[in-house]
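Accompanying notes for the structure given below.
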Amino acid sequence: MKEESHASPSKIVCEDITKVFIQKGKQRVHVLDHISLDVKENEFVVILGPGQSGKSTLLRIIAGLETSTEGRVLIDGREVEGPGPDRGLVFQGYMLFAWKTVLGNVEMGPKLRGVPKKERREIAAHYIHLVGLDGFENHYPHQLSGGMKQRVGIARAYSNNPQVMLLDEPFGQLDAQTRYFMEKETARIWETEKRTILFVTNNIDEAIYLADRIVTLEGKLPGRMHVVYDVDLPRPREHTDMAFLKLRHEITEASALTL
Amino acid sequence: MSDIANEVRKQVREERSFTVGSVLKNRWFLHIVSVAVFFLIWDKVAIAKAFSSGLPRPYEVMQQLWLMMFDPLAGKTLFGHVWASTQRILIGFALASVIAVPLGLLMALNRYVNAVVKPIFDLLKPMPPIAWISIAILWFGIGETSKVFIIVLGTFVPCLLNAYNGVRLVEPELYDVVRMLGGNRRDEIIQVCFPAAFPAIFAGLQISLSIAWTCVLAAELVSARSGLGFIIILGMNLSRPAMIVGGMVIIAIVAWGMSQLVSGLERFVCPWKRQIDGR
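Heads up: the sequence lines are chains R and E, in that order.
The first sequence begins at 16 in the working numbering and counts up one residue at a time.
The second sequence begins at 3 in the working numbering and counts up one residue at a time.
What follows is the structure in structure tokens.
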């Protein structure tokens, strides 16, 4: 990573991100168009957009798993040049190591960074406790329900103590009840251990429930930034709160989309 | 903790009462009935001489096996012949898997190795291993070498293909996980590639084992002075059907036992694998 001369006060800065995929047969797919975004330290920002709006691609570019065609991403003022343990990524499909127990999954980050066994056990135990999975340390992923799998995913991403957490539609595969419950848990975990969070979703209620700020994307490719909403509702929030519903209505109207 | 209790899937074991209906629907009861009926029909068909005198009664087969346990045939008791076949399989199977599995993994991980090995492999792959028997005997004589050679050829293909496909079918996002957590290419291979490919490798070993039995039998039928294939051929030459069927039964039992051993090894190496009840 290159050191930048002008240290930015923001945690994550996206400068003019444009992404064009070139598919086989030289077909160009324009996915993201001049996205600029500033996320402050410990801010919870939700990127809200329907399917095929390029929001996951944006997250993968910030993660360093994709390169942008134009523009750049800065974390703490340093340019992102690839994936790394300074950012924690939570996947939509959980992506747990099926051959590792809950403990083995959560301690993988410290293990790969060469943290000694005793120390990484303590780290793993801490985050397993944070996500409420005490007692499941020795379970294999196939023995867990979807919600519990994603708890492991969150604990694993936390285990390297990254300052930035990236969550890519983490609850997209859960049933409505579990999803609602996991949103509450996410808010609780974030309040307990504050991080700068960038959370991608297509669920408007999830966005309002969690976000300090919501960035909506236009509903078609290439993905462009649409409207940014500051959500200053008190926490913990209620889905049936008047202010909640008012904002929900506002976003739905402005997007002209059924989200 | 009580919060997540509703997420935990509890396995509820039904309490069943002991009734006539429950006995009739019991899995083990049905197993016993089906096996008993099978042997009964076999016995009736044998007594009725439906295949003239070509089908021995189950009882005659048992008697023949008992006899062979103590009376040597061509200098070996039944155990000697079982060991002769088993030894050939173990040597051939071990040689093939030790070469084919690493080669398959290497082909999946390195496209240059793949580009060099793949065309030759594809050329030889469709050739049935048994087609090699005659040339093997010309090359190595009728001794052990030609039999082991056939087994190596036959088991090589599924060992290699399964190792190769096991790596190729790994979910690519798992590599992203390793990268995000701070790992490098070496970590991707050790932490993701190999463990993810283990179940496929073991499936390949299982297929190889059954092919190994086919190969050793074919080789022994062509030329051998020992082994279970030799017993079967001897039974045919002496017109003793009980000896032939006895040889077949022993092959089934030994082959089943070896496949159980591989399954046991798999359970030991891959304890995370969901056990599928599909026997």
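Beta carbons: idealized from backbone N, C-alpha and C, even for Gly.
With 16 other Cβ atoms within 10 Å as the buried cut-off, status of residue i
i, result
"A191(R)", "exposed"
"A110(E)", "buried"
"Q66(E)", "buried"
"P128(E)", "exposed"
"V37(E)", "exposed"
"E268(E)", "buried"
"G156(E)", "buried"
"I192(E)", "exposed"
"P156(R)", "buried"
"F40(E)", "exposed"
"S83(R)", "buried"
"A102(E)", "buried"
"I32(R)", "buried"
Top-ranked residue by Cα proximity to residue i, from the options
i, options, result
"E253(R)", "K235(R), K199(R) and E137(R)", "K199(R)"
"L111(R)", "R269(E), R188(E) and E175(E)", "E175(E)"
"L225(R)", "F196(R), V146(R), I138(R) and I77(R)", "F196(R)"
"G145(E)", "M238(E), A199(E), A226(E) and I235(E)", "A226(E)"
"L232(R)", "K132(R), Q158(R) and G64(R)", "G64(R)"
"V247(E)", "L263(E), M64(E), G82(E) and I139(E)", "M64(E)"
"Q107(R)", "E268(R), I204(R) and T72(R)", "T72(R)"
"C195(E)", "S265(E), V172(E) and W215(E)", "V172(E)"
"M29(R)", "R75(R), Q42(R) and T193(R)", "In the sequence under discussion, the amino acid at residue 29(R) is Cys, which differs from the Met named in the question. Cα-wise, what sits closest to C29(R) is R75(R)."
"F200(E)", "L80(E), G77(E), V179(E) and V271(E)", "V271(E)"
"T207(R)", "R194(R), L145(R), G69(R) and L104(R)", "L145(R)"
"L140(E)", "S241(E), G23(E) and V224(E)", "V224(E)"
"K115(R)", "D101(R), R93(R), E96(R) and E152(R)", "E152(R)"
"E221(R)", "H241(R), V246(R) and D91(R)", "V246(R)"
Range covered by the beta strand (DSSP E) that runs through residue i
i, result
"G184(E)", "G184(E) -> no beta strand (DSSP E), and no H or E assigned at all."
"T33(R)", "I27 to I37"
"Y114(E)", "Counting along the chain, Y114(E) falls outside any beta strand (DSSP E), though it belongs to the alpha helix (DSSP H) covering R113 to L126."
"G103(R)", "R102 to V105"
"L80(R)", "Unbroken run through L80(R): none, as it is neither H nor E."
Beta carbon of residue i nearer than 7 Å to that of residue j
i, j, result
"S210(E)", "C161(E)", "yes"
"V46(R)", "P237(R)", "yes"
"M84(E)", "V256(E)", "Checking the sequence, you will find Val at residue 84(E) rather than Met. It is a contact, given that the beta carbons lie within the stated cut-off."
"V61(R)", "I169(R)", "no"
"L189(R)", "G147(R)", "no"
"P301(E)", "I152(E)", "An answer regarding residue 301(E) cannot be provided, because it is not within the stretch 3 to 281 covered by chain E."
"L213(R)", "A78(R)", "no"
"G168(E)", "A214(E)", "no"
"G106(E)", "A165(E)", "yes"
Start and end residues, alpha helix (DSSP H) containing residue i
i, result
"M245(E)", "P243 to V271"
"V63(E)", "P60 to F72"
"R194(R)", "A191 to T207"
"D220(R)", "I219 to L225"
"Y142(R)", "K132 to L145"
"L163(R)", "Correcting the residue identity first, residue 163(R) is Met in this sequence and not Leu. Here the alpha helix (DSSP H) through M163(R) covers G161 to Y173."
"L262(R)", "M257 to S270"
"T216(E)", "F196 to V224"
"V25(E)", "V22 to L26"
"G124(R)", "M123 to L127"
Simplified DSSP state of residue i, which is helix, strand or coil
i, result
"H154(R)", "coil"
"L240(E)", "coil"
"Y166(E)", "helix"
"K55(R)", "coil"
"G145(E)", "coil"
"Y244(R)", "strand"
"M110(R)", "coil"
"M180(R)", "strand"
"T116(R)", "coil"
"K51(E)", "coil"
"T210(R)", "The question names Thr, but residue 210(R) in the sequence shown is Arg. Residue state, collapsed to three classes: coil."
Beta-carbon neighbours of residue i, restricted to chain A and to distances below 8 Å
i, result
"G184(E)", "The question asks about chain A, but that chain is absent: this structure's protein chains are R and E."
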